[in-house]
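Okay, structure first, notes after.
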Amino acid sequence: MERNFESLVADGVDSENEEIERQLEMETRRRAEYVAFIEEKIQDPKNYIDKGGAGKVYRLSEKGVCIKIIVDRHEQPNAHEYNLGTHPESEAHFMEVLGSFGVGSVRSPKLLEYFKAYDKEGKLYHAIIMEEIDAVNLQHIMNGTKEMPKNMDPEAFFDEIEEYIDALHIKMEMTHGDNELRNMMVGREEGRLYMIDFGRSESLRGKTKEQKERLKKKDWDIFERVRKEFLEKKFAK
Ligand SMILES: Nc1ncnc2c1ncn2[C@@H]1O[C@H](COP(=O)(O)OP(=O)(O)O)[C@@H](O)[C@H]1O
Ligand SMILES: [Mg+2]
0 MERNFESLVA DGVDSENEEI ERQLEMETRR RAEYVAFIEE KIQDPKNYID
50 KGGAGKVYRL SEKGVCIKII VDRHEQPNAH EYNLGTHPES EAHFMEVLGS
100 FGVGSVRSPK LLEYFKAYDK EGKLYHAIIM EEIDAVNLQH IMNGTKEMPK
150 NMDPEAFFDE IEEYIDALHI KMEMTHGDNE LRNMMVGREE GRLYMIDFGR
200 SESLRGKTKE QKERLKKKDW DIFERVRKEF LEKKFAK
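Per numbering that gives the first Met the number 0, residue 0 is the first one in the sequence shown, and the count goes up by one each step.
Below, the structure written as C-alpha cells:
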C-alpha cells in the first residue's frame, strides 16, 4: 500500500500522542496512590495532632512532616453565610512566601505542598503539607491541657511576637488576621517561637491607606487582648 507524506506524519503524531497518554495514565495512577497513602495516614488515630476551626492536622512522617486537611466550604452554595477567611490555596501561598521569613526566634512552619482532592464521599478537601513543629500552642498552655515548656519566658515571648507582627506588616506587606493564642506556639526546644495558621491573612498590597490601617489594627487589637489574657494568668511552674 502506498503511503503519502501526510499519513506518515500523522502516524508519528499518533505514536507521540500514545506516549503522552501513557505518561498521563501513569501520572494519574501515581497521584491516586499518593492520595490513598495520605488518606490512610489520616485515618490512623495515632497520627492525629490537633485541630482548629477550619482544619485538622495529622502527622505524615516521623521525620517532621504533617498535613492540615481543610474540608472545602468556599465552593458551597451558602459559602457567603460563613466568615471563611482566605481560600486554602491562598493560605498555602502565604506560607510559601513566609518560608524564608523570620524575626528573631519567631518563624512559621515551612510549606512543602498544597493540593486538593476528593474524599471517598466525593467531598472536596484541601491539603497543606508542611513542616511539623515540635511546639506547644499557647491556648493549650492557657487551658492547662499542656505544660508550659520550662524555659519559656512569657513576657519575652510576646515581645518577640510583637516584632514579628510588625515586620509581617511592613516587610511582608501582609497581616496575620487570626493571631490568637491557639495560633502561637512555643518550641519544646529552647528559644523557638512560631506563628502558625495563615488562614485569615490578607495582603496589604494594593489596599488604600485606610484599608491597610484597619487591617493592621485588627492584628494589634487581637495581640493586645491575648497578651494581656496570657500574662495575667498565673501558671503553676
Ligand atoms: N506545622 C504544625 N506543626 C505542629 N502542630 C501544628 C502545625 N500546624 C498546626 N498545628 C496544630 O494544629 C492546630 C490547628 O492548626 P491550624 O493551622 O491553626 O488550623 P485552623 O485553621 O483550623 O485553626 C494548631 O492550633 C496547632 O496546635
Ligand atoms: Mg488555628
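Cβ coordinates follow ideal geometry from the N, Cα and C atoms, glycine included.
Among all the DSSP beta bridges, which residues are the ones paired with residue i?
i: Leu192; result: Val105 and Val185
i: Arg58; result: Cys65
i: Glu130; result: Val64
i: Glu238; result: Since the first residue shown for the chain is 0 and the last is 236, residue 238 is missing from the structure and cannot be characterised.
i: Leu123; result: Tyr117
i: Val70; result: Tyr124
What do you reckon, are the CB atoms on residue i and residue j nearer than 8 Å?
i: Leu123; j: Glu74; result: yes
i: Val225; j: Arg187; result: no
i: Met184; j: Ile195; result: yes
i: Phe197; j: His175; result: yes
i: Ile69; j: His125; result: yes
i: Lys216; j: Leu203; result: no
i: Pro87; j: Ile127; result: yes
i: Gly103; j: Glu159; result: yes
i: Met141; j: Leu192; result: no
i: Arg58; j: Glu130; result: no
i: Glu161; j: Phe222; result: yes
i: Arg199; j: Asp177; result: yes
i: Ala116; j: Val56; result: no
Ligand 4 and residue i: does the residue's C-beta get closer than 7 Å to at least one heavy atom of that ligand?
i: Pro148; result: For ligand 4, the structure offers nothing, since it holds only ligand 1 and ligand 2.
Note the first and the last residue of the continuous alpha helix (DSSP H) segment covering residue i.
i: Asp49; result: Careful: Asp49 lies outside any alpha helix (DSSP H), inside the beta strand (DSSP E) at Tyr47 to Lys50.
i: Phe93; result: Pro87 to Val96
i: Phe157; result: Pro153 to Ile169
i: Glu112; result: Run containing Glu112: none in the alpha helix (DSSP H); it sits in the beta strand (DSSP E), Leu110 to Tyr117.
i: Asp43; result: No alpha helix (DSSP H) contains Asp43, which DSSP labels as neither H nor E.
i: Glu213; result: The question names Glu, but residue 213 in the sequence shown is Arg. That run of the alpha helix (DSSP H) goes Lys208 to Glu231.
i: Gln138; result: Leu137 to Asn142
Pull every residue with its beta-carbon under 6 Å away from any heavy atom of ligand 2, and keep them in chain order. For ligand 2, the selected residues are Gly51, Arg181, Asn182 and Asp196.
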